[in-house]
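In order, the protein sequence lines correspond to chains A and B.
One rule links them: number in our numbering = place in the first sequence (from 1) + 21.
One rule links them: number in our numbering = place in the second sequence (from 1) + 21.
A quick write-up on the structure given underneath.
2 protein chains.
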Amino acid sequence: MKLQNFVENHWVEGSDEGKPLASAIDGRTIAAISSKGVEFGAMLDYARRVGGSNLQKYTFHDRAHMLKALAQHLMEHKKEFYALSTETGATKGDSWIDIDGGISTLFVYSSKGRREMPNDKVYLDGTPERISRDGTFTAQHIFTPRQGAAVHINAYNFPCWGMLEKLAPALLAGVPAIVKPASSTAYLTELMVRRIIEAEILPIGALQLICGSVGDLFEHLNCQDVVAFTGSKGTAEMLQQHPQVIAESVHFTAETDSLNSSILGPDATPETPEFDLFVKEVVREMTVKAGQKCTAIRRVIAPAAVSGDLVRALSEALGRIRIGHPANKDVDMGALVSHDQRDEVRERITMLGSEADVVFGNTDDFDIIDADAKKGAFFEPTLLHCERPLTAKAVHSVEAFGPVSTVLPYENLDEAIELSRLGGGSLASSIVTNDNKVARKLVLGTAAWHGRMVVINRHCAAESTGHGSPLPHLVHGGPGRAGGGEELGGIRGALHYMQRSAIQGSPETLAAIGNRWIRGGVEIESDIHPFRKTFEQLKLGDTVNTKEREISLADIDHFAEFTGDTFYAHMDEQTAAKNPFFEGRVAHGYLIVSFAAGLFVDPDFGPVLANYGVDELRFAQPVNFGDALKVRLTCKQKTLRDGSGYGEVRWDTEITNQNSEIVATYDVLTMVATDEEWANVSA
Amino acid sequence: MKLQNFVENHWVEGSDEGKPLASAIDGRTIAAISSKGVEFGAMLDYARRVGGSNLQKYTFHDRAHMLKALAQHLMEHKKEFYALSTETGATKGDSWIDIDGGISTLFVYSSKGRREMPNDKVYLDGTPERISRDGTFTAQHIFTPRQGAAVHINAYNFPCWGMLEKLAPALLAGVPAIVKPASSTAYLTELMVRRIIEAEILPIGALQLICGSVGDLFEHLNCQDVVAFTGSKGTAEMLQQHPQVIAESVHFTAETDSLNSSILGPDATPETPEFDLFVKEVVREMTVKAGQKCTAIRRVIAPAAVSGDLVRALSEALGRIRIGHPANKDVDMGALVSHDQRDEVRERITMLGSEADVVFGNTDDFDIIDADAKKGAFFEPTLLHCERPLTAKAVHSVEAFGPVSTVLPYENLDEAIELSRLGGGSLASSIVTNDNKVARKLVLGTAAWHGRMVVINRHCAAESTGHGSPLPHLVHGGPGRAGGGEELGGIRGALHYMQRSAIQGSPETLAAIGNRWIRGGVEIESDIHPFRKTFEQLKLGDTVNTKEREISLADIDHFAEFTGDTFYAHMDEQTAAKNPFFEGRVAHGYLIVSFAAGLFVDPDFGPVLANYGVDELRFAQPVNFGDALKVRLTCKQKTLRDGSGYGEVRWDTEITNQNSEIVATYDVLTMVATDEEWANVSA
């Protein structure tokens, strides 16, 4: 099996025989890898020219639909991914994180793309900024897709998830990707890319694959490209300093080494549920993927008073871990990815040994189920204990990328904070405590060093996703040693592939660019009430200006009696006047908006089907009896819900009084039928 | 006058005699500058240890109040800033941008900090993410201040604004700053820092100043520090590649060279107002600050058909510019900052000359008012014209940092887009057109290359702040050649000085960390209705669970008649059933929330003073007559308005029906009196 590269919409083989890739379980060669002869500059150009323009013909919702279709398609091929994944040393549970975890990232991005982004090509960032007195000149931040390629350089430990977690946000943003998996497990990535390409769900050019070296690709980067790197800090630094990256200010994000810590709270003594939860969490993080997880717990920070108990409990639990062939159902932990990796882990343990004692593992004398220790890269879980962690260096800087952790005792919370910080920046951190004051102190003391923090207690443990699981909803990345990058985090992850620009101009111009009407823009009035228009017929700016309605004292009395809202400010002139905001009895806010609806609603059966909500209602000043109100209702934003027969329409609403003073502003949210749906419904 | 450094709360002089700084107007030495002997590592340590912890004792609102006090204090000293600013070659108008513009940045950040950030130490980013089925485990993104120093390296052209636009967001975030102004105009920065320090508004350690070289400061940076650089791309690249910056993944933002362009739309022919606006804008951008603005228009992109007219009109207008002593009221344009700068500009014009012809200026034969051409760094505005801009290189890459622009003709919009992109990334771009379709096409085609874009037409021109003015509300920075950084943009600018972390845990734990109650958290019920509690007495989680109220058909009929909202879905069983969302007549949404208020309101005079709004009201399912509704109202978030006597309290509100199904959810916003205010009001 010789892995191929997917270049400019064609599968091509490297021109030399390639580097052999060995199975983690028995060392036999299962593939060869080479990208020799690939023209990397042309790949970048193809991505920008063909992939980018193809992707950007679509809206965010269109691309979100593609992600869902892709996820569904990959679900159908799960079996072969799982089978091949075994060769990487992964158990079924490990593969689940990689394969199902990766596919679920596509589902989440699909869902978030449709719920949190517009069905449009421009993403509006925040609301208009008021920058002129009369509002004839205003401003809006927008995000547009970078007009370049997303170069994704992935680590060996998650050949599927590692690709998909970067791919989902890039594609949603509209940016084509060039994926370069780490060699040792690239065969699984290549298989998944084949299935993706075969599905013909993505437009041509949206995805290319490099199996092997990236050659001179970096020489061809420009200011519109994005590099997202996962791997060692050393490699990240080298790439980040590449003259072209520097010259073009290429957007570069890195997710690298991480001496992640977990802190056991001082309240969590051995008899508490939290102590047991902590032991379980540490053991799980040490053994899942044989500890080859960039988020795994490397530093176990625990009260000195219980560190003896903890070491005993962890050692016992680690002693129960069954190591062997990952396909065997009795096996808890498979193999490291390669012999090289095993040698490196052992070497790192030796470095740690200068400051910490091995208290469990690191022997060659352990049982292996169904496999040959000499052929496979099996490794015993290894626990160390460092007596003076505050003055130690190696335990805070040497990452043994395998089933290895070190216990670091602390005397008080300030010490625990200091130990956590000594990691120099991490992807993930956890705190196990049932004391929320302790949680707050530890989080505020260490959050600036961590991209993600999990607080586990007896109340959330059953549903907790655990210390080491990045979620597509949450940011992934960390400062300092962790690379200083950020990925995922829902829509935030997509925005990293886009450029934020502040746009200034007239309300009309900004509405034309962002497809959202802005106060001060032209109001289109006609004889046809906008509630009589279908989704397609409605235009931004379509407006009703209602007649006036006076609010009487009787109205206020009546509304109070009817609703039961007899708040004194509505009922009692004298007491109301004692309220610093009022001069006497005022109308209920809900009365004002109810009357407003009475004014703007067109009552007959029509394409506007339902009011599903209200946003940002603000009462600007009190309404007293005798005041006469009128309403302006303007079509502000339209979001088509593809395939549903309707779209969401947001109406900018302003209630004014007889002096043209603004009384209330809000957005009314409605569902409006499409032409087709309206024809059906009204038939 | 020897400039001093402000180091660890003391003014200290460099240990050597320093480098002399010359007046831009007459070349006489007005100060000497040196930072020799300063211990830069100790400065960083002092900032982190003393400045950071002092600043972070306060809330965002506290620090926002400091910014306002600082702005007011600096306003009182404006006169001496203006006087000294003249020496930099700045006219009164130029100084206004620098001095008043800088101070207004403090005002805007103060206002935004109080309106858009909590009166707390943690900034919540978005709403909780649903990551578990039962909601016992949830997540919230937060921002906390980086635990390091903000190193601000500023350019010579805006010695005041350049400092303040970086200082305001850093201080608001809670991060202490070390300011290093460019030498040639550092005397003005030093004066302003003296006034800031004397005011004793900022806590000790919040601000330090380096006048001169930064020595070995970069050797001491760590992963919590931030470097914000403004200056040449070359220097930025050198600093960005510093081994310590790379090793520690120091957050680095740069704002550098920029070949900003302005595009004249094809509709804007010589007889249109837009043509005249364009001429005015280009001339203004060329001559304000004698063109020494990183946002100035360097590339004038215009339809080939009118480029002759345009060159004539620009030349005429440039011919009317009066050059001379900036303090003279008749002078339109002052001097460049130094003779070196003048030499550099001339050299750059020579480079441009290989591809473009000088069509105005660049002579030594021009009138100078009230000054000596030999002593001062005066320079004539210079316009070039490039006949084949699509194949040219220099006009898109050589920045002549003075009153210099080049006209680049285009044949069609695609060419205009291509020319704009050839700048390789800019801070600012403008488009002058009265055709919003042209505006949309140009913005979508070029936004990914620009941090800010201005569209000018006859409707917004009077209130337009112009092509070259960064505003504190809007992001400032751009991709590629512009450095790839981002500053300002309101709160966005402060967030660059903070670390985003995803926090996972139980709703109770997250509420303890973020001071915002989360659905699923503990509801505290007592005999005392929460409306009877003052701001201080209210606790997050304080809850009313109301009794039930049944909605009758008569209620719906009555509400319709009373409000006038006779929408068919409320009135007509048969037609309502045709609506895909309903099975028959449904209650009005406003009726539901009005009845809800009737249920949860405690009517008597009490500390809850007023309902000022509603957020995120969503109707989850229809309510039919016969349904019985009840309400849960829970204290969700408290924001004290210092000095006002009240605070804002946000209530999480949920309406359920007799089957415990959610009917509606929303946030009710109220003003609640403090203990003191309530004692006054109720006295």
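Just so you know, even glycine gets a beta-carbon here, dropped at the ideal spot from N, CA and C.
Every value quoted in this text rests on a predicted model; they were computed, and no experiment measured them.
Asked                                                                                                                                                : Found
Under 8 angstroms by beta carbon: chain B residues contacting residue 620 of chain A                                                                 : 585
Test: residue 692 of chain A CB closer than 8 angstroms to a CB of chain B                                                                           : yes
At least three beta-carbon pairs within less than 8 angstroms, the segment 158-177 of chain A to the segment 28-43 of chain A                        : no
Chain-ordered residues of the segment 261-275 of chain A with a beta carbon less than 8 angstroms from chain B                                       : 261, 262, 267, 268, 269, 270, 271, 272, 275
With 16 other Cβ atoms within 10 Å as the buried cut-off, status of residue 50 of chain B                                                            : exposed
C-beta neighbour in chain A for residue 258 of chain B, strict 8 angstroms                                                                           : yes
Chain-order list of residues whose beta-carbon lies under 8 angstroms from that of residue 257 of chain B (same chain, five-residue window excluded) : 250, 275, 277, 504
Touch test, the segment 556-576 of chain B against the segment 169-177 of chain B, Cβ-Cβ under 8 angstroms, three pairs minimum                      : no
Cβ contact check for the segment 493-507 of chain A and the segment 137-153 of chain A: 3 or more pairs under 8 angstroms                            : no
Members of the segment 127-147 of chain A that neighbour chain B once the beta carbon cut-off is set at 9 angstroms                                  : 142, 143, 146, 147
Beta-carbon proximity of residue 70 of chain A to residue 76 of chain A, cut-off 8 angstroms                                                         : no
Residue 539 of chain B (DSSP reduced to helix, strand or coil)                                                                                       : coil
Span of the alpha helix (DSSP H), counted from its first residue to its last, around residue 590 of chain B                                          : 589-592
CB contact flag (residue 580 of chain B, residue 659 of chain B, <8 angstroms)                                                                       : no
Whole runs of the alpha helix (DSSP H) within the segment 389-415 of chain B, excluding any shorter than 4 residues                                  : none
Distance cut-off 7 angstroms: residue 484 of chain A Cβ against heavy atoms of the ligand HEM                                                        : What this structure holds is no ligand at all, so the ligand HEM is not there to describe.
Cβ-Cβ distance between residue 344 of chain A and residue 399 of chain A below 8 angstroms                                                           : yes
Check whether residue 628 of chain B and residue 699 of chain B have beta carbons under 8 angstroms apart                                            : yes
Beta-carbon proximity list for residue 16 of chain A, same chain, < 6 angstroms, skipping 5 on both sides                                            : Outside the displayed range of chain A (22 to 704) lies residue 16 of chain A, so it cannot be described from this structure.
Same chain, Cβ closer than 6 angstroms to residue 516 of chain A, five either side skipped, listed in chain order                                    : 164
Helix, strand or coil at residue 189 of chain B [DSSP, three-state]                                                                                  : helix
Residue ranges of each alpha helix (DSSP H) within the segment 238-323 of chain B, 4 or longer                                                       : 254-261, 264-268, 294-308
Contact with chain B by residue 637 of chain A, beta-carbon distance below 8 angstroms                                                               : yes
Partner residues on chain A for residue 522 of chain B, Cβ-Cβ distance less than 7 angstroms                                                         : 468, 471, 472, 473, 474
Cβ neighbours of residue 131 of chain B in the same chain (closer than 6 angstroms, five flanking residues each side left out)                       : 85, 88, 89
Selection of the segment 307-319 of chain A by Cβ proximity to chain B, strictly under 8 angstroms                                                   : none
Burial state of residue 229 of chain B, where buried means 16 or more other Cβ atoms lie within 10 Å                                                 : buried
Distance, residue 554 of chain A Cα to residue 531 of chain A Cα                                                                                     : 24 angstroms
Residue range of the unbroken alpha helix (DSSP H) whose run includes residue 114 of chain A                                                         : 113-116
Residue-chain proximity (residue 91 of chain B, chain A), Cβ-Cβ < 8 angstroms                                                                        : no
For residue 217 of chain A and residue 198 of chain A, the rounded distance between their alpha carbons                                              : 13 angstroms
Whole-angstrom distance between residue 448 of chain A and residue 94 of chain A, CA atom to CA atom                                                 : 31 angstroms
As assigned by DSSP and simplified to three states, the class of residue 342 of chain A                                                              : coil
Three CB pairs or more closer than 8 angstroms across the segment 516-527 of chain B and the segment 473-482 of chain A                              : yes
Neighbour flag for residue 658 of chain A against chain B, beta carbons, 8 angstroms                                                                 : no
Secondary structure of residue 210 of chain A, DSSP reduced to three states                                                                          : helix
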